[in-house]
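A.B. asks:
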């Protein structure tokens, strides 16, 4: 029996109004068994908007063409609301996403990506898992989300999410479960970090440029904790620095950091590896200088302490995770390998001086006797 279109649309809306969990599951199952052709022609982006609007979503959140603005004042009612209907809607979108037409699928994905930014919603573990699964499943599928569509989606996110804290929240909920999703996440992180959309098109090998990153950090005012405070860190935006450090950490942690040093002959190019590790050390030292400049005052400035710890974690990741070999201990008297010969000469002179001195002491002792 083929149900009329009106009945299917009615079932779509009753998914979030029914109080009986069993009936909700039955309605979802009926919609899931409908053909892809019917779902594709029947359900439009406006139906997706209506689902979330009935759940209490604001129009500003549903209008995916405008930039998101953070709301720092969340009522207790919003924190403590019942999320069962939202969970049912997310389950419905997940099972029907492959049957949606392109416009409806992309609209549902954009709204779900915005939902991932809502910290109050993502605190619910069931909602969090459902949102993350929906995002990664769609992003990893090259059939439903082709490469050009994925690139357009990343550009859309770059343009509509401008607050660093919101960018960090979204990246944290895009799990790199496949190479495709990891590269999408990495490109987006670098684009937001540098405020440069050209990173959205760069190949994997050109994303992590150590010398350029170190030079950028040294001149980036967002990392200069003493610039706006006249000797005091009280006025510096440590919330932004904490989020920025997390974005940088995500970009580095996306599997694009360590290049291959094997040449055409299958041999390891130790010179290239040494050069890479030296660049990692320079970047790590730059990060260390940044968090060392933050005066940690304990619980009175908790965000400052958290930012310092976040930078320290990034420093240790670079030193022990990105570097291909353990960092050698500092040699205070030998700066480079080329100076070892000169050091040996000085050591030989010191030894000869000791022999002559011992001989002189012996002769002096003989005269005294």
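Numbering (the working numbering), first residue to last: 1 to 369.
Positions of the beta carbon are idealized from the N, C-alpha and C atoms, including for glycine.
Tell me whether residue 262 sits in a helix, a strand or coil according to DSSP, three-state version.
C.D. replies: On the chain shown, position 262 is the one that residue 262 refers to. Three-state DSSP puts residue 262 in a strand.
A.B. asks: By how many angstroms is the C-alpha of residue 42 removed from the C-alpha of residue 5?
C.D. replies: Here residue 5 corresponds to residue number 5 of the chain shown, with the count starting at 1. Here residue 42 corresponds to residue number 42 of the chain shown, with the count starting at 1. One alpha carbon belongs to residue 5, the other to residue 42, and they sit about 7 Å apart.
A.B. asks: Under the three-state reduction of DSSP, which class applies to residue 268: helix, strand or coil?
C.D. replies: Locating residue 268 in the chain shown gives position 268, counting from the first residue. Residue 268: strand per DSSP, three-state reduction.
A.B. asks: Since I believe residue 243 is in contact with residue 168 (beta carbons under 8 Å), could you give me their beta-carbon distance rounded to a whole number of angstroms?
C.D. replies: Counting from 1 along the chain shown, the entry for residue 168 is found at position 168. Counting from 1 along the chain shown, the entry for residue 243 is found at position 243. 4 Å between Cβ atoms; contact.
A.B. asks: Should residue 229 go down as buried or exposed, given a rule of 16 or more other Cβ atoms within 10 Å for buried?
C.D. replies: Taking the first residue of the chain shown as position 1, residue 229 is located at position 229. Residue placement at residue 229 is poorly supported in this model, since its pLDDT is 47, which falls under 50; the coordinates still yield a value, given next. Exposed: under 16 other Cβ atoms inside 10 Å.
A.B. asks: Could you spell out where the alpha helix (DSSP H) holding residue 309 opens and where it closes?
C.D. replies: Taking the first residue of the chain shown as 1, we reach residue 309 at position 309. Residue 309 -> alpha helix (DSSP H) spans 302 to 317.
A.B. asks: Mark residue 143 as exposed unless 16 or more other C-beta atoms lie within 10 angstroms of its C-beta, in which case mark it buried.
C.D. replies: Looking up residue 143 in the chain shown gives position 143. In the assembly as shown, residue 143 is an exposed residue. Its beta-carbon has fewer than 16 other beta-carbons within 10 Å.
A.B. asks: Which of the three DSSP states, helix, strand or coil, is assigned to residue 8?
C.D. replies: In the chain shown, counting from the first residue as 1, residue 8 sits at position 8. Correct three-state label for residue 8: helix.
A.B. asks: Compute the beta-carbon to beta-carbon distance between residue 68 and residue 161, rounded to the nearest angstrom, for a pair I have assumed lies under 8 Å.
C.D. replies: Walking along the chain shown from the start, residue 68 turns up at place 68. Walking along the chain shown from the start, residue 161 turns up at place 161. Right, the Cβ-Cβ distance comes to about 6 Å (below 8 Å), so this counts as a contact.
A.B. asks: Taking 9 Å as the cut-off, decide whether the C-beta atoms of residue 251 and residue 189 are in contact.
C.D. replies: Locating residue 251 in the chain shown gives position 251, counting from the first residue. Locating residue 189 in the chain shown gives position 189, counting from the first residue. Yes; because the gap between Cβ atoms is below 9 Å, this pair is in contact.
A.B. asks: Could you tell me the distance, in whole angstroms, from the CA atom of residue 314 to the CA atom of residue 245?
C.D. replies: Taking the first residue of the chain shown as position 1, residue 314 is located at position 314. Taking the first residue of the chain shown as position 1, residue 245 is located at position 245. Distance between the alpha carbons of residue 314 and residue 245 is about 8 Å.
A.B. asks: Using the Cα positions of residue 286 and residue 90, report the straight-line distance between them to the nearest angstrom.
C.D. replies: For the purposes of this step, residue 286 is identified with residue 286 of the chain shown, where counting begins at 1. For the purposes of this step, residue 90 is identified with residue 90 of the chain shown, where counting begins at 1. Their backbone Cα atoms lie some 43 Å apart in a straight line.
A.B. asks: Could you tell me whether the region 25 to 41 touches the region 7 to 17, using the rule of 3 or more Cβ pairs below 8 Å?
C.D. replies: yes
A.B. asks: Since residue 241 and residue 270 should fall inside the 8 Å C-beta cutoff, what is the C-beta to C-beta distance between them, to a whole number of angstroms?
C.D. replies: Here residue 241 is taken as the residue at index 241 of the chain shown, counted from 1. Here residue 270 is taken as the residue at index 270 of the chain shown, counted from 1. Rounded, the Cβ-Cβ distance is 37 Å, inconsistent with contact.
A.B. asks: Round the Cβ separation of residue 93 and residue 108 to the nearest angstrom and send it over; I've been treating them as touching at under 8 Å.
C.D. replies: Working through the chain shown from its first residue, we reach residue 93 at position 93. Working through the chain shown from its first residue, we reach residue 108 at position 108. Right, their Cβ atoms sit about 5 Å apart.
A.B. asks: In whole angstroms, what separates the C-alpha of residue 214 from that of residue 64?
C.D. replies: Here residue 214 refers to the residue found at position 214 of the chain shown. Here residue 64 refers to the residue found at position 64 of the chain shown. Roughly 35 Å separates the two Cα atoms.
A.B. asks: Roughly how many angstroms lie between the CA atoms of residue 58 and residue 147, to the nearest whole one?
C.D. replies: Here residue 58 is taken as the residue at index 58 of the chain shown, counted from 1. Here residue 147 is taken as the residue at index 147 of the chain shown, counted from 1. CA-CA distance, residue 58 to residue 147, rounds to 31 Å.
A.B. asks: Which value, in whole angstroms, describes the spacing of the CA atoms of residue 99 and residue 145?
C.D. replies: Numbered from its first residue, the chain shown carries residue 99 at position 99. Numbered from its first residue, the chain shown carries residue 145 at position 145. Straight-line measurement puts the Cα of residue 145 at about 13 Å from the Cα of residue 99.
A.B. asks: Between the alpha carbons of residue 51 and residue 237, how many angstroms are there, rounded?
C.D. replies: In the chain shown, residue 51 corresponds to position 51, counting from 1. In the chain shown, residue 237 corresponds to position 237, counting from 1. Spanning the two alpha carbons is a distance of roughly 38 Å.
A.B. asks: Within 10 Å of its beta-carbon, does residue 295 have 16 or more other beta-carbons around it, so buried, or fewer, so exposed?
C.D. replies: Residue 295 sits at position 295 when you count from the first residue of the chain shown. Around the beta carbon of residue 295, fewer than 16 other beta carbons lie within 10 angstroms, which makes this residue exposed.
A.B. asks: Please go through the same chain and pick out, in chain order, the residues whose beta-carbon is closer than 7 Å to the beta-carbon of residue 263, but skip the five residues on each side of it.
C.D. replies: The residue labelled residue 263 in the question sits at position 263 within the chain shown. So the qualifying residues of the chain are 269.
A.B. asks: Please state whether DSSP places residue 82 in a helix, a strand or coil.
C.D. replies: Reading the chain shown from its first residue, position 82 is the one you call residue 82. Collapsing the DSSP output to three states places residue 82 in coil.
A.B. asks: Leaving aside the five residues before and after residue 140 along the sequence, list all residues of the same chain whose C-beta is less than 8 Å from its C-beta, in chain order.
C.D. replies: Start at 1 with the first residue of the chain shown, and residue 140 comes out as number 140. Excluding positions up to five away in sequence, the list reads 177, 178, 180, 181.
A.B. asks: In chain order, which continuous runs of the alpha helix (DSSP H) of length 4 or greater are located wholly inside the region 126 to 164?
C.D. replies: 147 to 160
A.B. asks: Judging by CA-CA distance, which residue of 39, 25, 200, 306 is the nearest neighbour of residue 84?
C.D. replies: Taking the chain shown and counting its residues from 1, the one referred to as residue 84 is at position 84. The option with the nearest alpha carbon to residue 84 is 25.
A.B. asks: Hey, residue 277 and residue 323: beta-carbon distance below 9 Å or not?
C.D. replies: For this step, residue 277 is matched to residue 277 along the chain shown. For this step, residue 323 is matched to residue 323 along the chain shown. Yes, they are a contact pair.
A.B. asks: Express the C-alpha separation of residue 16 and residue 55 in angstroms, rounding to a whole number.
C.D. replies: Stepping through the chain shown from its first residue, residue 55 is reached at position 55. Stepping through the chain shown from its first residue, residue 16 is reached at position 16. CA-CA distance, residue 55 to residue 16, rounds to 8 Å.
A.B. asks: Buried or exposed: where does residue 185 fall if 16 or more other Cβ atoms within 10 Å of its Cβ makes it buried?
C.D. replies: By 1-based counting over the chain shown, the position of residue 185 is 185. Burial call: buried.
A.B. asks: Mapping DSSP to helix, strand and coil, what is residue 195?
C.D. replies: Within the chain shown, the letter at position 195 stands for residue 195. In this structure, residue 195 counts as coil in the three-state DSSP scheme.
A.B. asks: Return helix, strand or coil for residue 64, following the three-state DSSP convention.
C.D. replies: Position 64 of the chain shown, counting from 1, holds the residue named residue 64. In the structure shown, residue 64 sits in coil (DSSP, three-state: anything other than H, G, I, E or B).
A.B. asks: Quick one: measure Cβ to Cβ for residue 132 and residue 173, integer angstroms, because I've assumed they're closer than 8 Å.
C.D. replies: The sequence position of residue 132 within the chain shown is 132, counting from 1. The sequence position of residue 173 within the chain shown is 173, counting from 1. So it is a contact: roughly 6 Å between Cβ atoms.
A.B. asks: Is the CB-CB distance between residue 149 and residue 101 below 9 Å?
C.D. replies: Locating residue 149 in the chain shown gives position 149, counting from the first residue. Locating residue 101 in the chain shown gives position 101, counting from the first residue. Their beta carbons are not under 9 Å apart, which means residue 149 does not touch residue 101 by this criterion.
A.B. asks: What residue range does the alpha helix (DSSP H) around residue 32 cover?
C.D. replies: Position 32 of the chain shown, counting from 1, holds the residue named residue 32. 21 to 33 is the extent of the alpha helix (DSSP H) around residue 32.
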